[in-house]
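S.K.: I have a structure here, written as structure tokens, and I will follow up with some questions on it.
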Amino acid sequence: MKKYCITALSIFILQSCSHSNKRTAPPRDTIAATDSFFPVTSFIKGQIITLGSLPVTPLQLTTINEKTDSLWIPKKELMPLLLPFLTPVINETNFTKYFKETKFKDQTINAITFTYDPINIIPDSITLRRWDVYIDPETGNVIKVFIVKNIKEYNQIFTQQLTWKANKLAKITTILNKPGGDSELIKEVVFIWDFADSPNRQ
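In our numbering, the protein residues as written are 1 to 202.
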């Protein structure tokens with residue numbers, strides 16, 4: 001089922017690109033939105049399964065107050081730390097009531113971007129605020145997923161920025177939202193399993 005979804009998505013993207021190449025297009029070529037979203041959670045679960053099968057020990061980089069500590073983390077200890085990427089579940093239809101999908105080809109980064117923004121005010125019960133999926137226009141493969149969530153802990157509101165670079169790394173950035181509109185970077189954690197990639201590349 002996962003392979004079918006990704007294949008179907010690839011065909012749709014390639015067809016869209018084919019049509020758009022027949023006319024002069026600006027760097028951001030907007031494509032009509034649909035009522036069926038990209039299944040982000042299924043994709044990331046598949047990535048986690050693949051990671052579990054690799055003969056590699058991931059590297060964890062934790063940055064607090066501009067000081068970075070590193071350690072090698074066994075995969076069995078890493079998996080629970082990746083749970084923020086899996087909740088809430090984002091499938092094809094469960095958030096179509098609250099978010100709209102916009103697709104465009106961004107020639108500046110050579111990617112087709114699926115952007116999901118709120119339609120109206122989001123209920124407090126939903127932690128998601130927005131997310132993006134970046135697709136390679138030549139292969140149809142996912143390059144990166146970026147998710148923004150708001151979470152409440154200890155009577156404070158934090159923003160979590162979750163970045164998943166396919167087959168490479170995962171990054172969790174935690175920001176404290178202060179009264180009055182100010183914000184403070186609390187912590188950034190990067191888990192790397194493809195060491196050909198730099199942890200700071202977006």
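Glycine residues also receive a C-beta, built at the ideal position from the N, C-alpha and C atoms.
1) What beta strand (DSSP E) runs, 3 residues minimum, are completely inside the region 76–113?
2) Going by DSSP, what residue range makes up the beta strand (DSSP E) through residue 51?
3) Roughly how many angstroms separate the alpha carbons of residue 28 and residue 134, rounded to a whole number?
4) Go ahead and label residue 51 buried or exposed: buried means 16 or more other beta carbons lie within 10 angstroms of its beta carbon, across all protein chains shown.
5) For residue 118, which of helix, strand or coil comes out of DSSP?
6) Less than 8 Å between the CB atoms is what I'm expecting for residue 41 and residue 112, so what's the real figure, rounded?
7) Rounded to the nearest angstrom, what separates residue 235 and residue 69 at their Cα positions?
8) Beta-carbon within less than 6 Å of residue 148's beta-carbon, same chain only, minus the 5 sequence neighbours each way: which residues are those?
M.R.: Based on what the coordinates show:
1) 99–106
2) Against the sequence shown, residue 51 aligns to sequence position 51. From DSSP, residue 51 is part of no beta strand (DSSP E) but of the alpha helix (DSSP H) over 40–53.
3) On the sequence shown, position 28 is the one that residue 28 refers to. On the sequence shown, position 134 is the one that residue 134 refers to. Any reading at residue 28 is ruled out, since the residue's pLDDT is 47, under 50, leaving its predicted position unreliable.
4) Here residue 51 corresponds to residue number 51 of the sequence shown, with the count starting at 1. Label assigned to residue 51: buried.
5) Residue mapping note: residue 118 aligns to position 118 of the sequence shown, counting from 1. Residue 118: strand per DSSP, three-state reduction.
6) On the sequence shown, residue 41 is found 41 positions in, with the first residue counted as 1. On the sequence shown, residue 112 is found 112 positions in, with the first residue counted as 1. Residue 41 to residue 112, Cβ: 20 Å. No contact.
7) Outside the displayed range of the chain (1 to 202) lies residue 235, so it cannot be described from this structure.
8) Along the sequence shown, read from residue 1 onward, the residue named residue 148 stands at position 148. Only 129, 130 and 161 meet the Cβ criterion.
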